[in-house]
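Worksheet: one structure, shown below.
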Amino acid sequence: MAVAARVAARRAAEAKPKAPSDDKIYTWPHLVRVEFLVALLVIAGMLVWSLLVDAPLEEPAAPTRTPNPSKAPWYFLGLQEILVYFDPWHAGVVLPSLIIVGLMVLPYIDTNPKGNGYYTFTERKYEILTFFLGFHVLWISLIVVGTFLRGPGWNWFWPWQPWDTHKVVAMSNVDLPFILGFREYWSQAAVGLCLIIIYFIVGTAAMYWWIVRKKGRAFFERWGGVRFGLTVFLFLNMIAVVVKMVLRLGLNVKYIMVTPWINI
Amino acid sequence: MTSWEEIKTQITESQVWRSMFRHGYEDTPRNRILAVSGNVWLHLHPSKVRKHGVRLKFTWCMGGITFLMYLITIVTGVYLMFYYRPVAQYAYADMKYLEFDMPFGMLMRNMHRWAAHAMVIAVWLHMFRVFMTGSYKPPREFNWVVGVVLLVLTLLLSFTGYLLPWDQLSIWAVTVGSNMARATPLLGHEGPFADFVGVNPVYDARAFLFGGGEIGPHTLLRFYILHCVFIPIVTTIFLIVHFWRIRRDGLSGPPL
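The listed protein sequences derive, respectively, from chains L and R. Using the numbering used here, the letters of the first sequence map in sequence onto residues 370 to 633. Using the numbering used here, the letters of the second sequence map in sequence onto residues 67 to 322.
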């Protein structure tokens, strides 16, 4: 009897989900009170902020006088910073689209049932690390760079350095196929295209190998090819931004692929 | 002498009071539920919430603050609209007029701008919180998608508003920000494969956005309508869906 009861109790404890179960309380007054107080405090804070700091208003619009540097609104400066590394069609159109699509498909490719409704790192390590790379490391830090560290000519200026409009920066960037020894135009284009295809094939294979090793083939079957394909495509595109930054900053690589139509 | 209790009873049981508040005044579970479900504003909430949905440590209240910022920009924005004309020759002068001559004009403009910036930050933090608590997991996948749309709409609202002061800061920030439309593959005249489509500087994605080849009076009117009418309507529609879904699925956690 006692043993059976103990087993039953242990089973019940094990079956009990970590997430909160039915612990509901009344919205009125508990939630409404919190919302009301937070709203009061935030409105008071906004009032103080607005009384102390005036919104900027510069001289009237003059379409013929371009300021140097011309900066987009601060929340787009991460993308403007990416323009250092990619052409506008990629940094300004393809990447933002991929970010939006990637965020939208996130709930459909992340099938991990754990961590639903509570904070956890250990149960969702890779999801959280990927999000950190995309959101904190890339999006936020590039906004910080674009806002505070870029001056005239989009050159790098530390906050204590004066903005010198005539700062000379050596334009020593060359294309990757050129570095690899290909001098003829079409062979360079072909090599560039091959490099990009190889990057995606090797990346996909590596991810496949890693997931099967880490999670097992049964997980992969459950997860499905479409989810895997989407995840790998989005992830590799995000990593490609880092790769291009490293190539540019480390090896002065301008483009990886040069064709008459698009450069990457 | 009537006591306070009697006065209270007389008020809460008067015909006027009862015509406004259908539920009884007494603090009973039934009345707590009716206070929420019987009120058009409060019924955006479910009548009961999970305990952690009330804890600031869990929610950071960021979704609510984002919505509050949206409301602040609407109130201050309507005030600004009384004094601002979206016409190139008046817009900047109206800004000055608003700042120096209108009662509370500067305060309203400041609050409008800072609330817009705060809204962008709050919506990012809200997304971060929802991610960290895994609140996009079933059954809330679709509401996360709606949230991503709202995030983009927030940025677009802020971006279209950026042009309206019609000063150097506005037109050049918007010029730089919308250069990407010029570079859209196929649809922008500086984008890849533009030659195959036949787009040109006055007939491409950016010209469609600007209402012409470059930023001008037509763009100002266009952005004004987008900023004050079109995007707010779309945002409100998505907000309704967003809130409705939270109400149906409960705030965070696996389905009950």
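No residue lacks a Cβ here, since even glycine has one placed at the ideal position from N, Cα and C.
Between the beta-carbon of W592 of chain L and the beta-carbon of I512 of chain L, is there less than 8 Å? The residue labelled residue 592 of chain L in the question sits at position 223 within the first sequence. The residue labelled residue 512 of chain L in the question sits at position 143 within the first sequence. Cβ atoms of W592 of chain L and I512 of chain L: not closer than 8 Å.
Using a threshold of 8 Å, state whether the C-beta atoms of L286 of chain R and P152 of chain R are closer than that. Along the second sequence, read from residue 1 onward, the residue named residue 286 of chain R stands at position 220. Along the second sequence, read from residue 1 onward, the residue named residue 152 of chain R stands at position 86. Yes, the pair counts as a contact, with Cβ atoms nearer than the cut-off.
Which residues in the same chain as W532 of chain L place their Cβ atom closer than 8 Å to its Cβ, once the five residues preceding and following it in sequence are excluded? Reading the first sequence from its first residue, position 163 is the one you call residue 532 of chain L. Correct list, in chain order: G520, P521 and F526.
Under the three-state DSSP convention, the category W525 of chain L falls into: Locating residue 525 of chain L in the first sequence gives position 156, counting from the first residue. The answer is strand: DSSP assigns W525 of chain L an E or B state.
If you follow the alpha helix (DSSP H) that V214 of chain R is in, where does it begin and where does it stop? Taking the second sequence and counting its residues from 1, the one referred to as residue 214 of chain R is at position 148. Residues E207 to L229.
Determine which residues share a DSSP beta bridge with P95 of chain R and list them. Position 29 of the second sequence, counted from the first residue, corresponds to residue 95 of chain R. Answer by DSSP bridge pairing: none, since P95 of chain R is not bridged.
Local conformation of I281 of chain R per DSSP, three classes: Position 215 of the second sequence, counting from 1, holds the residue named residue 281 of chain R. Coil at I281 of chain R, not helix or strand.
What are the boundary residues of the alpha helix (DSSP H) that includes R88 of chain R? Counting from one through the second sequence, the residue named residue 88 of chain R turns up at place 22. Boundaries for R88 of chain R: no alpha helix (DSSP H) harbours it, and the DSSP string shows neither H nor E there.
Taking the straight line between their C-alpha atoms, what separation do you get for R313 of chain R and H118 of chain R? Taking the second sequence and counting its residues from 1, the one referred to as residue 313 of chain R is at position 247. Taking the second sequence and counting its residues from 1, the one referred to as residue 118 of chain R is at position 52. Roughly 15 Å between the two C-alpha positions.
Using a Cβ-Cβ distance under 8 Å, would W630 of chain L count as near chain R? Numbered from its first residue, the first sequence carries residue 630 of chain L at position 261. Yes - at least one Cβ of chain R is within 8 Å of the one on W630 of chain L.
Would V240 of chain R be called buried (16 or more neighbouring beta carbons within 10 Å of its own) or exposed? Position 174 of the second sequence, counted from the start, is the residue given in the question as residue 240 of chain R. By the 16-neighbour rule on beta-carbons within 10 angstroms, V240 of chain R is buried.
If we cut at 8 Å on Cβ distances, does S419 of chain L have a partner in chain B? Absent here is chain B; the protein component of the structure consists of chains L and R.
Does chain L have any CB closer than 8 Å to the CB of A239 of chain R? The residue given as residue 239 of chain R occupies position 173 in the second sequence. Yes, contact with chain L.
Identify, in the order they occur along the chain, each residue of the same chain with its Cβ nearer than 8 Å to the Cβ of I480 of chain L, setting aside the five sequence neighbours on each side. In the first sequence, the residue the question calls residue 480 of chain L occupies position 111. First, the amino acid is wrong: residue 480 of chain L is Thr here, not Ile. Once the five neighbours on either side are set aside, the close Cβ partners of T480 of chain L are R591, W592 and R596.
Distance, R116 of chain R Cα to K393 of chain L Cα: As a position in the first sequence, residue 393 of chain L is number 24, starting the count at 1. As a position in the second sequence, residue 116 of chain R is number 50, starting the count at 1. For K393 of chain L and R116 of chain R, the distance between alpha carbons rounds to 4 Å.
Span separating the alpha-carbon of G278 of chain R from that of H192 of chain R: By 1-based counting over the second sequence, the position of residue 278 of chain R is 212. By 1-based counting over the second sequence, the position of residue 192 of chain R is 126. Cα-Cα distance, rounded: 37 Å.
Let me confirm a value: R121 of chain R is counted as buried when at least 16 other C-beta atoms fall within 10 Å, else exposed. Which label applies? Counting from 1 along the second sequence, the entry for residue 121 of chain R is found at position 55. With fewer than 16 Cβ atoms within 10 Å of its Cβ, R121 of chain R is classed as exposed.
Reducing DSSP to helix, strand and coil, say where D315 of chain R ends up. On the second sequence, residue 315 of chain R is found 249 positions in, with the first residue counted as 1. D315 of chain R falls in the helix class under three-state DSSP.
Assuming Y395 of chain L is part of the beta strand (DSSP E), what are its boundary residues? What you label residue 395 of chain L is simply residue 26 of the first sequence in a count that begins at 1. K393 to Y395 is the extent of the beta strand (DSSP E) around Y395 of chain L.
Could you name the residues that DSSP lists as bridge partners for K117 of chain R? For this step, residue 117 of chain R is matched to residue 51 along the second sequence. For K117 of chain R, which the question treats as bridged, DSSP gives no partner whatsoever.
Contact residues within the region 388-417 of chain L, judged by C-beta distance below 8 Å to chain R: A388, P389, S390, D391, D392, K393, I394, Y395, T396, W397, P398, H399, L400, V401, V403, E404, V407, A408, V411, I412, M415 and L416
Near the ligand MN: V560 of chain L beta-carbon under 7 Å from a heavy atom: The ligand MN is not part of this structure, which contains no ligands at all.
Alpha carbon to alpha carbon, what distance is there between G130 of chain R and L406 of chain L? Taking the first residue of the first sequence as 1, we reach residue 406 of chain L at position 37. Taking the first residue of the second sequence as 1, we reach residue 130 of chain R at position 64. Cα to Cα, L406 of chain L sits roughly 12 Å from G130 of chain R.
Under 9 Å from the C-beta of M473 of chain L: neighbouring residues of chain R: Here residue 473 of chain L refers to the residue found at position 104 of the first sequence. What M473 of chain L touches in chain R: W210, V211, V214 and V215.
Restricting to runs no shorter than 4 residues, where is the alpha helix (DSSP H) found entirely within the region 245-308 of chain R? 260-263, 271-276 and 283-291
On the criterion of 16 or more Cβ atoms from any shown chain inside 10 Å, does R402 of chain L qualify as buried, or is it exposed? Looking up residue 402 of chain L in the first sequence gives position 33. Answer is exposed; the Cβ neighbour count stays below 16.
Under 8 Å (Cβ pairs) to chain R, residues found in the region 500-512 of chain L: F500 and F504
Output, in chain order, the set of chain L residues within a Cβ distance shorter than 8 Å of V189 of chain R. Here residue 189 of chain R corresponds to residue number 123 of the second sequence, with the count starting at 1. The CB of V189 of chain R never comes closer than 8 Å to any CB in chain L; the least such distance is about 10 Å.
Ignoring anything shorter than 3 residues, give me the beta strand (DSSP E) runs that lie fully in the region 147-175 of chain R, in order along the chain. If you keep only unbroken beta strand (DSSP E) runs of at least 3 residues inside the region 147-175 of chain R, you get nothing at all.
Would you check if the distance between the CB atom of A413 of chain L and the CB atom of R175 of chain R is smaller than 8 Å? Position 44 of the first sequence, counting from 1, holds the residue named residue 413 of chain L. Position 109 of the second sequence, counting from 1, holds the residue named residue 175 of chain R. Result no, Cβ atoms of A413 of chain L and R175 of chain R do not sit closer than 8 Å.
Taking a contact to mean a Cβ-Cβ separation below 8 Å, would you say Y158 of chain R touches W238 of chain R in this structure? Counting from one through the second sequence, the residue named residue 158 of chain R turns up at place 92. Counting from one through the second sequence, the residue named residue 238 of chain R turns up at place 172. Contact: no.
Would you call the region 213-233 of chain R and the region 415-434 of chain L touching, i.e. three or more CB-CB distances under 8 Å? yes
Check N632 of chain L in the structure and name its three-state DSSP category. For the purposes of this step, residue 632 of chain L is identified with residue 263 of the first sequence, where counting begins at 1. DSSP places N632 of chain L in strand when its eight states are reduced to three.
Candidates L:E492, L:Q530, L:N524 and L:L562: closest to V538 of chain L by CA position: The residue you call residue 538 of chain L lines up with position 169 of the first sequence. Looking at the Cα atoms, L:N524 is the closest of the given residues.
Of all the residues that make up the region 426-440 of chain L, which are near chain R by a beta-carbon distance shorter than 8 Å? L426, E427, E428, P429, A430, A431, P432, R434, T435, P436, S439 and K440
Does the beta carbon of R493 of chain L come closer than 8 Å to any beta carbon on chain R? Translated into the one-based positions of the first sequence, residue 493 of chain L becomes position 124. At least one chain R Cβ lies under 8 Å of R493 of chain L.
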